[in-house]
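S.K.:
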Amino acid sequence: MKKVATRFAPSPTGPLHIGGVRTALFNWLYSKNKNGSFYLRIEDTDKERSKNEYKEQIIKSLKWIGIENDGNEYIQSKKIEDHIKVANELLKNGHAYKCYCSSKEIEEQKLRAKQKKIPYIYDRKWRDKNEAEAPKDTKPTIRFKSKIDGTSILKDLVQGDIEIENNTIEDFIILRNDGSPTYNLSASVDDHQMNITHIIRGDDHKINTFKQMQIYLAMKWELPFFAHIPLIHTIEGKKLSKRDKASTLDDYSKIGIMPDALRNYLLRLGWSYKDKEIFTLDESIKHFNLEGIGKSPSKLDMSRILSINEHYIKNMDETYLFDQFIEYCKLFKNEIKSDKKDKIKRSLTFLKNKAKTLEDIFNNGQYIMVDEINFNQDDIKLIDDEAKKVISDFCAQFEKVDTLSKEVLEPIVNGVIKSNDTNFKGVGQPLRIGLTGSKFGPGIYDIIISLGKEEVTKRLTSKKLS
RNA sequence: GGUCCCUUCGUCUAUCGGUUAGGACACAUGGUUUUCAUCCAUGAAAGAGGGGUUCGAUUCCCCUAGGGACCGCCA
1208 MKKVATRFAP SPTGPLHIGG VRTALFNWLY SKNKNGSFYL RIEDTDKERS KNEYKEQIIK
1268 SLKWIGIEND GNEYIQSKKI EDHIKVANEL LKNGHAYKCY CSSKEIEEQK LRAKQKKIPY
1328 IYDRKWRDKN EAEAPKDTKP TIRFKSKIDG TSILKDLVQG DIEIENNTIE DFIILRNDGS
1388 PTYNLSASVD DHQMNITHII RGDDHKINTF KQMQIYLAMK WELPFFAHIP LIHTIEGKKL
1448 SKRDKASTLD DYSKIGIMPD ALRNYLLRLG WSYKDKEIFT LDESIKHFNL EGIGKSPSKL
1508 DMSRILSINE HYIKNMDETY LFDQFIEYCK LFKNEIKSDK KDKIKRSLTF LKNKAKTLED
1568 IFNNGQYIMV DEINFNQDDI KLIDDEAKKV ISDFCAQFEK VDTLSKEVLE PIVNGVIKSN
1628 DTNFKGVGQP LRIGLTGSKF GPGIYDIIIS LGKEEVTKRL TSKKLS
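In terms of the working numbering, the first sequence opens at residue 1208 and continues consecutively.
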């Protein structure tokens, strides 16, 4: 049994979107599950549109979500000579031929077909024509001599057997008239040379697979296995594209979605293992299989992403969460000053309690990080004379304490409640507004402890409250 | 238009001929609570339609409908 090898082969012509990330994830998981290798191949043969920044973005994205390729990135453009060599071989053994149709001629044919509403397929004009008739002034393209009779069957690992009439596959171009190889040729040659055993890709590649299989057959190469996974759709039910909003990893990381959570979400989108919803990295490797992949496209659901992220926030190791939070702030918010960092760290347990994202934690912890409170304009109005008395009564008692804990603070609060003939809200609310600027927020004891005695005193005695 | 694929709660899905069709998210209600949340409990919510096959179909087959992908000298 050959060692399993999978690959992810994006073209660096735009930012990687999460559909691509999922494809990469499935390939990676499958190879790891089988103790095999996973390779990253950058298909940069479209010189016009390929950009190095996109290549970097792809590599960065995969790394962010925890996918690591074995070996170096395979750069397709460096292998062009090999592709051309194969094309010439196909030409030599009669599996390909020179086509002297100009691109203008082809365009006109397509246009005519469109107008007549009949499917366009290259008419194989030069398939059997004598080269002697070739026009001197046109450079030929090389076309693959596709099968005309019979049918081909793709034994797809996800979709089952797919059979099509061979004559629906046209004689596709493998070498352009400038001598450069096209996608189907390059991809086949690379996959063969890289010893790829399983090609897992979006099912928008299905027709390509029939073309590539024919190249394999013509070259007498051993066929790899194919698995075409359904595409991810937008809410509108269309194929997700780079232009869609919330489609790149950055769109998620900037609102504080964590890599593990997104990885978990993407894994469960179109794949399932019994009723299990949460998978650690090890569990995903252990349980991943092709049988669990569904056949129908699935839609992106933000509330579910949020919910899984929330699960991770609440259940992951707090030190690890803190590190991720600090990193997040550095990247997308302001870097947190070191004296505030400790306060945040100590308060993470309750700050995370009401957070779905790292951004929520940031917002919940704002009151700790700021030097000057931003008062909610409606809430500050709640500080009336009564509230001011409550605050000053509290301060009078608070002054005497030296260690902060719920046990110490609770009697003080209860005392103030009694002396002011009010209830908990009558004390808790003014204090919360005075300390955080808002009537919504963490528990009042948590707030006080998180700020420390000095800061609490400073805020409660501020001019704005008197 | 041609080829191919898909179709279970709003969403992601379980079921591999016999289930009160299960779970999760979202939603609704109630409870806990120190505000907002969390948490807990409960509830509403699905087999596209029509034919077969079968003692029995969500499950197998066919048709219809709907949706999607592809149809580049892009990848």
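No residue lacks a Cβ here, since even glycine has one placed at the ideal position from N, Cα and C.
Source: prediction; values computed, not measured.
Is it right to say Gln1584 is buried, meaning 16 or more other beta carbons lie within 10 angstroms of its own, or is it exposed?
M.R.: Start at 1 with the first residue of the first sequence, and residue 1584 comes out as number 377. Under this definition Gln1584 is an exposed residue.
S.K.: From this set, Ile1485, Ile1515, Leu1474, which residue's C-alpha is nearest Ser1505's C-alpha?
M.R.: Taking the first residue of the first sequence as 1, we reach residue 1505 at position 298. The option with the nearest alpha carbon to Ser1505 is Leu1474.
S.K.: To the nearest angstrom, how far is it from the Cα of Ser1454 to the Cα of Gly1641?
M.R.: For this step, residue 1454 is matched to residue 247 along the first sequence. For this step, residue 1641 is matched to residue 434 along the first sequence. Their backbone Cα atoms lie some 41 Å apart in a straight line.
S.K.: Tell me where the alpha helix (DSSP H) around Thr1643 begins and ends.
M.R.: Counted from its first residue, the first sequence places residue 1643 at position 436. Where Thr1643 is concerned, the enclosing alpha helix (DSSP H) stretches over 1631-1643.
S.K.: Looking only at C-alpha atoms, which of Pro1637, Asn1402, Glu1579 sits nearest to Phe1601?
M.R.: Numbered from its first residue, the first sequence carries residue 1601 at position 394. Each of Pro1637, Asn1402, Glu1579 was checked against the Cα of Phe1601, and the nearest Cα belongs to Pro1637.
S.K.: Please return the same chain residues whose Cβ sits closer than 7 Å to the Cβ of Gly1221, not counting the five positions on each side in sequence.
M.R.: The residue you call residue 1221 lines up with position 14 of the first sequence. Hits under 7 Å: Tyr1261, Lys1449.
S.K.: With distances taken Cα to Cα, identify the nearest neighbour of Ile1328 among Tyr1472, Asp1356, Ile1376.
M.R.: Looking up residue 1328 in the first sequence gives position 121. The candidate whose alpha carbon is nearest that of Ile1328 is Ile1376.
S.K.: What does DSSP give as the partner residues of Pro1388 in its beta bridges?
M.R.: Position 181 of the first sequence, counted from the start, is the residue given in the question as residue 1388. Leu1382, per the DSSP bridge assignment.
S.K.: How is the beta strand (DSSP E) around Thr1213 delimited, first residue to last?
M.R.: What you label residue 1213 is simply residue 6 of the first sequence in a count that begins at 1. It spans 1212-1215 - the beta strand (DSSP E) in which Thr1213 sits, taken as one unbroken run.
S.K.: Consult DSSP for Leu1497 and reduce its assignment to one of helix, strand or coil.
M.R.: Position 290 of the first sequence holds residue 1497. Reduced to three states, the DSSP call for Leu1497 is coil.
S.K.: Look at the alpha carbon of Asp1410 and the alpha carbon of Ser1645, and state the distance between them as a whole number of angstroms.
M.R.: Counting from one through the first sequence, the residue named residue 1410 turns up at place 203. Counting from one through the first sequence, the residue named residue 1645 turns up at place 438. So the alpha carbons of these two residues sit roughly 51 Å apart.
S.K.: By DSSP's criteria, Ser1244 is part of a beta bridge. Which residues make up the other side?
M.R.: Position 37 of the first sequence, counted from the start, is the residue given in the question as residue 1244. Paired residue(s): Ala1212.
S.K.: Could you tell me which uninterrupted beta strand (DSSP E) segments, each at least 3 residues in length, are contained entirely in the region 1431-1487, listed from first to last along the chain?
M.R.: 1432-1436
S.K.: On the DSSP bridge assignment, give the partners of Gly1367 in chain order.
M.R.: By one-based count along the first sequence, residue 1367 stands at place 160. DSSP, once it has assigned bridges, lists Asp1363 as partnering Gly1367.
S.K.: With DSSP collapsed to three states, give me the class of His1405.
M.R.: Counting from one through the first sequence, the residue named residue 1405 turns up at place 198. His1405: strand per DSSP, three-state reduction.
S.K.: Going by C-alpha distance, which of Phe1245, Lys1292, Asp1289, Asp1458 is nearest Gly1278?
M.R.: Taking the first sequence and counting its residues from 1, one reaches residue 1278 at position 71. It is Phe1245.
S.K.: How would you write the range of the alpha helix (DSSP H) that Phe1529 sits in, first residue to last?
M.R.: The residue you call residue 1529 lines up with position 322 of the first sequence. Note, Phe1529: alpha helix (DSSP H), 1525-1539.
S.K.: DSSP three-state call for Ile1328: helix, strand or coil?
M.R.: Residue 1328 sits at position 121 when you count from the first residue of the first sequence. Here Ile1328 sits in coil by DSSP.
S.K.: Since I believe Ala1212 is in contact with Asn1402 (beta carbons under 8 Å), could you give me their beta-carbon distance rounded to a whole number of angstroms?
M.R.: Position 195 of the first sequence, counted from the first residue, corresponds to residue 1402. Position 5 of the first sequence, counted from the first residue, corresponds to residue 1212. Contact flag correct, Cβ pair sits at about 5 Å.
S.K.: Can you give the beta carbon distance from Ile1266 to Glu1280, rounded, assuming they're within the 8 Å contact cut?
M.R.: Within the first sequence, the letter at position 59 stands for residue 1266. Within the first sequence, the letter at position 73 stands for residue 1280. Contact check for Ile1266 and Glu1280: beta-carbon distance about 7 Å, within the 8 Å limit, so the pair qualifies.
S.K.: Leaving aside the five residues before and after Ala1594 along the sequence, list all residues of the same chain whose C-beta is less than 7 Å from its C-beta, in chain order.
M.R.: Here the question's residue 1594 lines up with position 387 in the first sequence. Cβ within range, chain order: Pro1637.
S.K.: Output yes or no for whether 8 Å exceeds the beta carbon distance between Gln1283 and Asp1398.
M.R.: On the first sequence, position 76 is the one that residue 1283 refers to. On the first sequence, position 191 is the one that residue 1398 refers to. A distance of 8 Å or more separates the beta carbons of Gln1283 and Asp1398.
S.K.: Taking 8 Å as the threshold, find out whether the region 1239-1254 comes into contact with the region 1506-1518 through three or more Cβ pairs.
M.R.: no
S.K.: Below 8 Å, can you find three or more Cβ-Cβ pairs linking the region 1463-1473 to the region 1565-1573?
M.R.: Yes, they touch.
S.K.: Suppose you measure from the CA of Lys1352 to the CA of His1412; what does that come to, to the nearest Å?
M.R.: Position 145 of the first sequence, counted from the first residue, corresponds to residue 1352. Position 205 of the first sequence, counted from the first residue, corresponds to residue 1412. Their backbone Cα atoms lie some 20 Å apart in a straight line.
S.K.: Once you ignore the five residues that flank Lys1446 on each side, which residues in its own chain have a CB closer than 6 Å to its CB?
M.R.: If you number the first sequence from 1, residue 1446 lands on position 239. If we look at Lys1446 and ignore the five residues flanking it on each side, its Cβ neighbours are Leu1438.
S.K.: Thinking Asn1374 and Ile1355 are a contact (beta carbons under 8 Å), I'd like their distance in whole angstroms, please.
M.R.: Taking the first residue of the first sequence as position 1, residue 1374 is located at position 167. Taking the first residue of the first sequence as position 1, residue 1355 is located at position 148. Sure, about 5 Å apart at Cβ, within 8 Å.
S.K.: Determine the burial state of Asn1630: buried for a count of at least 16 other Cβ atoms within 10 Å of its Cβ, exposed for fewer.
M.R.: As a first step, residue 1630 must be located in the first sequence, where it is residue number 423. Exposed, by the Cβ-count rule.
S.K.: Could you have a look at Tyr1167 and say whether DSSP puts it in helix, strand or coil?
M.R.: This structure cannot settle anything about residue 1167, because the visible part of the chain is limited to 1208 through 1673.
S.K.: Do you know offhand how far Phe1529's Cα is from Leu1558's?
M.R.: Within the first sequence, numbered from 1, the residue matching residue 1529 stands at position 322. Within the first sequence, numbered from 1, the residue matching residue 1558 stands at position 351. C-alpha separation (whole angstroms): 11 Å.
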